[in-house]
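K.L.:
Residue numbers (this note's numbering): 144 to 445. Heads up, the beta-carbon is just placed ideally off N, CA and C, and yes, glycines get one too.
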Amino acid sequence: MQLSSDGVARQPSSPTAPHCSLVIATLHDDGELALCLASLAKQQDAPPFEVIVVDQNDDDRLVEVVSRFAGHLDIRHERVAFRSATRARNLGARLARGIWLGFPDDDCQLLADALGEVQRISDDPLTSVITGQTIDETGAPNVLRWKQEATEFSRRTMFSCVTEATLFVRRELFLRTGGFDERFGPGALFPAAEGIDLMNRLFDHMAGQKACYSPRIKMQHPSKIPPWNAWAAGRFHSYAIGDGALIAKNPQPHMLNWGLRTLISAFIQLFTLEGWRSAAFAARILGLLRGFAAFHLASWRK
Numbered sequence: 144m145q146l147s148s149d150g151v152a153r154q155p156s157s158p159t160a161p162h163c164s165l166v167i168a169t170l171h172d173d174g175e176l177a178l179c180l181a182s183l184a185k186q187q188d189a190p191p192f193e194v195i196v197v198d199q200n201d202d203d204r205l206v207e208v209v210s211r212f213a214g215h216l217d218i219r220h221e222r223v224a225f226r227s228a229t230r231a232r233n234l235g236a237r238l239a240r241g242i243w244l245g246f247p248d249d250d251c252q253l254l255a256d257a258l259g260e261v262q263r264i265s266d267d268p269l270t271s272v273i274t275g276q277t278i279d280e281t282g283a284p285n286v287l288r289w290k291q292e293a294t295e296f297s298r299r300t301m302f303s304c305v306t307e308a309t310l311f312v313r314r315e316l317f318l319r320t321g322g323f324d325e326r327f328g329p330g331a332l333f334p335a336a337e338g339i340d341l342m343n344r345l346f347d348h349m350a351g352q353k354a355c356y357s358p359r360i361k362m363q364h365p366s367k368i369p370p371w372n373a374w375a376a377g378r379f380h381s382y383a384i385g386d387g388a389l390i391a392k393n394p395q396p397h398m399l400n401w402g403l404r405t406l407i408s409a410f411i412q413l414f415t416l417e418g419w420r421s422a423a424f425a426a427r428i429l430g431l432l433r434g435f436a437a438f439h440l441a442s443w444r445k
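(1) In the DSSP output, what is G245 paired with across the bridge?
(2) CB-CB under 6 Å to A308, same chain, minus the five flanking residues each way: which ones, in chain order?
(3) Would you call the CB atoms of I360 and A257 closer than 8 Å?
(4) By DSSP's criteria, I218 is part of a beta bridge. Which residues make up the other side?
(5) Using CA coordinates, which residue listed in Q291, P334, P365, D198 is at the minimum distance from S357?
(6) Can you tell me whether C355 is helix, strand or coil according to DSSP?
(7) Below 8 Å on the Cβ atoms is my guess for W371 versus A423; work out the distance and round it to an integer in Å.
(8) According to DSSP, is P284 part of a helix, a strand, or is it coil?
(9) Beta-carbon within less than 6 Å of R230's beta-carbon, same chain only, minus the 5 sequence neighbours each way: which residues are those?
(10) For S271, report the span of its beta strand (DSSP E) as first-last.
(11) With a CB to CB cut of under 7 Å and the five nearest residues on each side skipped, what residues in its chain are close to S148?
(12) If you compare alpha carbons, which of T169, D266, P396 is closest to L234?
(13) Per DSSP, which one or two residues make a beta bridge with K361?
(14) Taking V196 and I218 to be in contact with their CB atoms under 8 Å, please state how far apart those CB atoms are, rounded to whole angstroms.
(15) Output the distance between the C-alpha atoms of T415 and L310, rounded to the nearest integer angstrom.
(16) Rank A388, N343, R240, G259 by C-alpha distance to the C-alpha of T300 and give the top, closest one.
(17) On the three-state DSSP scale, how would you describe Q291?
(18) Just mark P396 as buried or exposed, buried being the case when its beta carbon has 16 or more other beta carbons within 10 Å.
(19) By Cβ distance below 6 Å, which residues in the same chain neighbour P284 in space, the five residues on each side in sequence not counted?
(20) When you compare the segment 384-391 with the segment 318-333, are there three or more beta-carbon pairs, one atom per stretch, that lie closer than 8 Å?
(21) Enumerate, from N- to C-terminal direction, the unbroken alpha helix (DSSP H) stretches of 4 or more residues contained entirely within the segment 390-432.
(22) Since L253 sits in a beta bridge, which residues does DSSP pair it with?
(23) Would you identify the three-state DSSP class for F323, choosing helix, strand or coil?
(24) Under 8 Å, do I242 and A350 count as touching if we go by C-beta distance?
(25) Using DSSP with H/G/I as helix, E/B as strand and the rest coil, what is F296?
(26) G369: buried (16+ other C-beta within 10 angstroms of its C-beta) or exposed?
(27) Leaving out five residues on either side along the sequence, give the residues of the same chain with a beta carbon under 6 Å from the beta carbon of A409.
(28) Out of L399, S421, H348, C163, which one is the CA nearest neighbour of A376?
(29) Is it a yes or a no for the segment 177-191 touching the segment 205-213, going by three-plus beta-carbon pairs under 8 Å?
(30) Who pairs with F317 in a beta bridge, going by DSSP?
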């Protein structure tokens, strides 16, 4: 990377394919994308990478944001007329030139050494999937109960190692697997669980290859819960619909075990009787059941 006079890293031009393509699906941006792109412009010891912004807005709000970073990043602004995060990511993956794909959320900020760590791990030719963790503004892990040690992971252990925002996968493997299931994710019938569903299918095509998790790959992601309120309960319900559909789609032992543990945990939290917190876990239980039933109903209607 080269530093400009304003102290921002400039991505060197390269006639060869970039090492990594970062596909960012975005909608209703309120300034978060600029922070995300700024974090990418400040990556240290990173391999050549490109950024593909798949813009689902129906106005020009991102034109200035993207043009602001055009001198610092190899960036492409792809505007679309649909609203679906997974469809946007799949489109970006098809446009990508990189050997690896990543799918950071538009409200994530990658710590400065994140892509350098991805490159270090990817030097092993047997590694086909790499994941990292999300942290809050204080540096504490959030979103999942992430493992705190670097590890290879499997279907059984992936639930504490994977979200779509922290996932990096070889593009050839992603395309061979079929990409994200567009029935899952924000804007879809089942509005969550797209990352775990993809990872579960990637394993079908990874004989002799490795999936590696490193807590050194960090992305700052806002913690939206707590506070516990009606919005939090609605979010728990919405995400649980995706989880329930995921279990219905993949009734494998590791998935059923995860679903059972999720239900038991939600029931325990429900009976703490702590106002909106308890209500949120009740909403999660109902969402799991609703998603499970809705997936089967949608399948029967085909």
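P.N.:
By the coordinates alone:
(1) L165, F311
(2) P247, D248, C251
(3) yes
(4) Answer is V194, bridged to I218.
(5) Q291
(6) strand
(7) 6 Å
(8) strand
(9) E325
(10) 270-278
(11) With a pLDDT of only 33 at S148, under the threshold of 50, the placement of this residue in the model should not be trusted; the figure read from the coordinates follows. If we look at S148 and ignore the five residues flanking it on each side, it has no Cβ neighbours.
(12) Taking L234 as reference, the option from T169, D266, P396 with the minimal CA-CA separation is T169.
(13) Q276
(14) 7 Å
(15) 34 Å
(16) N343
(17) The three-state secondary structure of Q291, taken from DSSP, is coil.
(18) exposed
(19) For P284, where only same-chain residues beyond five positions count, the Cβ hits under 6 Å are Q276, I278.
(20) Counting Cβ pairs under 8 Å, three or more are found: they touch.
(21) Listed in chain order, the complete alpha helix (DSSP H) runs (minimum 4 residues) inside the segment 390-432 are 396-413.
(22) M362
(23) coil
(24) no
(25) coil
(26) Strictly speaking, residue 369 in this sequence is Pro, with Gly absent from that position. Flag for P369 reads exposed.
(27) F424, R427, I428
(28) The shortest Cα separation from A376 among L399, S421, H348, C163 belongs to S421.
(29) yes
(30) In the DSSP output, where bridge partners are listed per residue, F317 has none listed.
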